[in-house]
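Visitor:
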Amino acid sequence: MDIKIDELKQKLDSKEEFIFIDVREPHEYEEFNLGAKLIPLGEIMKVVNDYEDQKDQEIVVHCRSGARSGMAKTLLTEAGFQNVRNLEGGVLAWQDKF
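Just so we're aligned, residue 291 is where the sequence shown starts under the working numbering, counting upward by one.
#1: Using 8 Å as the cut-off, classify the Cβ of residue 383 as near or not near the heavy atoms of the ligand SAH, replying yes or no.
#2: Can you tell me whether residue 313 is buried or exposed, with buried defined as 16 or more other CB within 10 angstroms of its CB?
#3: Within 10 angstroms of its Cβ, does residue 352 collect 16 or more other Cβ (buried), or is it exposed?
#4: On the three-state DSSP scale, how would you describe residue 311?
#5: With distances taken Cα to Cα, identify the nearest neighbour of residue 381 among 307, 332, 363 and 358.
#6: Pick from 384, 343, 348 and 311: whose alpha carbon is nearest that of residue 418?
#7: With a threshold of 9 Å between beta-carbons, can residue 335 be considered close to chain E, or not?
#8: How many angstroms separate the CA atom of residue 291 from the CA atom of residue 349?
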């Protein structure tokens, strides 16, 4: 199940523990970011092994609009990660609301 911006804001505000990944490019991250770990979509499969022991933890991925992070969600799910959620609307939706 994907995640809406309101739920993500609540998680961040309450300092909930989850893996938070931004799959945009470095220049996009520099312009505006939500504090997630930057792992561009093209590099996501290179770092999968770094998270091998966390396959059951919640992972929230986001990008600019939700398209690239949707692909990242598919890749991670296919790699065996159980609880991957895509931020609906991405950073654009976040900036529109907050």
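We treat Cβ as the ideally placed atom computed from N, Cα and C, and that holds for glycine. Just so it is clear, the structure is predicted and the values come from calculations on it, not from any experiment.
Guide: The relevant details are as follows:
#1: Ligands in the displayed structure: none, and consequently the ligand SAH is not present.
#2: For the purposes of this step, residue 313 is taken as residue 23 along the sequence shown, with counting starting at 1. Its Cβ being crowded by 16 or more others within 10 Å, residue 313 is buried.
#3: Looking up residue 352 in the sequence shown gives position 62. By the 10 Å Cβ count, residue 352 comes out buried.
#4: Looking up residue 311 in the sequence shown gives position 21. Of the three classes helix, strand and coil, the one that applies to residue 311 here is strand, per DSSP.
#5: Stepping through the sequence shown from its first residue, residue 381 is reached at position 91. The residue among 307, 332, 363 and 358 with its C-alpha nearest the C-alpha of residue 381 is 358.
#6: Lying before the first or after the last residue shown, residue 418 is absent from the chain, which here runs from 291 to 388.
#7: Here there is only one protein chain, and chain E is not present.
#8: In the sequence shown, the residue the question calls residue 291 occupies position 1. In the sequence shown, the residue the question calls residue 349 occupies position 59. Taking the straight line joining both Cα atoms gives about 11 Å.
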